[in-house]
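Chemist: I'd like to ask you about the structure that follows.
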Amino acid sequence: MNTQQTEKQEIFKNIETTGKKYINQFKILAEKAQKSMANQMNMAKFEATYTLSVEKEQRKKTMFQVKEIRNDLWKEALKQANGDVNVASNIYDRLCSFP
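Using this note's numbering, count along the sequence shown one by one with no gaps and you end on 218.
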């Protein structure tokens with residue numbers, strides 16, 4: 120095989136490898152988007168039920184407490200991720216998810 124043919128094969132191999140990487144990244148993004156949409160739907164249902172069932176003053180107290188807890192969980196996620204915001208985001212999602 121001559122050098123030109125080898126270079127052509129290498130170029131096509133690199134294109135294929137890059138394409139496979141992008142396909143995998145898009146699959147991961149699609150999974151995250153689906154999880155996010157499902158979480159948002161569940162949260163909207165919860166908030167609607169909560170708003171219809173709980174008095175306004177109690178909701179204010181609860182919102183303040185939730186904010187404090189979320190801040191604590193974010194700090195914990197950042198600590199576990201050694202400051203890496205992307206990793207911390209995934210950890211935070213796991214910490215905040217309901218069983």
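By construction, the Cβ of each residue, glycine as well, lies at the ideal position given by its N, Cα and C atoms.
Only a predicted model underlies this, so the values are computations on that prediction, with no experimental measurement involved.
1. Within 10 angstroms of its Cβ, does residue 167 collect 16 or more other Cβ (buried), or is it exposed?
2. Should residue 192 and residue 215 be called a contact, given that it needs their Cβ atoms to be closer than 9 Å?
3. What is the DSSP secondary structure of residue 173, reduced to helix, strand or coil?
4. Could you tell me the alpha carbon to alpha carbon distance between residue 176 and residue 142, rounded to whole angstroms?
5. Please classify residue 149: is it buried, with 16 or more other beta-carbons within 10 angstroms of its beta-carbon, or exposed?
6. Assuming the contact rule is C-beta atoms closer than 8 Å, residue 199 and residue 188 should be a hit. Round their C-beta distance to whole Å, please.
7. Between residue 156 and residue 206, what straight-line distance do the alpha-carbon atoms span, to the nearest angstrom?
8. Just to confirm the assignment, what range does the alpha helix (DSSP H) spanning residue 212 have?
9. What's the gap between the Cα of residue 163 and the Cα of residue 170?
Modeler: Well, looking at it:
1. Your numbering for residue 167 matches position 48 in the sequence shown. An exposed status is given to residue 167, since fewer than 16 other beta-carbon atoms sit within 10 Å of its beta-carbon.
2. Along the sequence shown, read from residue 1 onward, the residue named residue 192 stands at position 73. Along the sequence shown, read from residue 1 onward, the residue named residue 215 stands at position 96. In contact: residue 192 and residue 215 (Cβ atoms closer than 9 Å).
3. Position 54 of the sequence shown, counting from 1, holds the residue named residue 173. Residue 173: coil per DSSP, three-state reduction.
4. On the sequence shown, residue 176 is found 57 positions in, with the first residue counted as 1. On the sequence shown, residue 142 is found 23 positions in, with the first residue counted as 1. So the two alpha carbons sit approximately 49 Å from each other.
5. Here residue 149 refers to the residue found at position 30 when the sequence shown is read from its first residue. Exposed.
6. As a first step, residue 199 must be located in the sequence shown, where it is residue number 80. As a first step, residue 188 must be located in the sequence shown, where it is residue number 69. Contact doesn't hold; Cβ gap of about 16 Å is too wide.
7. Within the sequence shown, numbered from 1, the residue matching residue 156 stands at position 37. Within the sequence shown, numbered from 1, the residue matching residue 206 stands at position 87. The straight-line gap from Cα to Cα measures roughly 20 Å.
8. Taking the first residue of the sequence shown as position 1, residue 212 is located at position 93. For residue 212, the enclosing alpha helix (DSSP H) stretches over residues 204-215.
9. In the sequence shown, counting from the first residue as 1, residue 163 sits at position 44. In the sequence shown, counting from the first residue as 1, residue 170 sits at position 51. Distance between the alpha carbons of residue 163 and residue 170: 10 Å.
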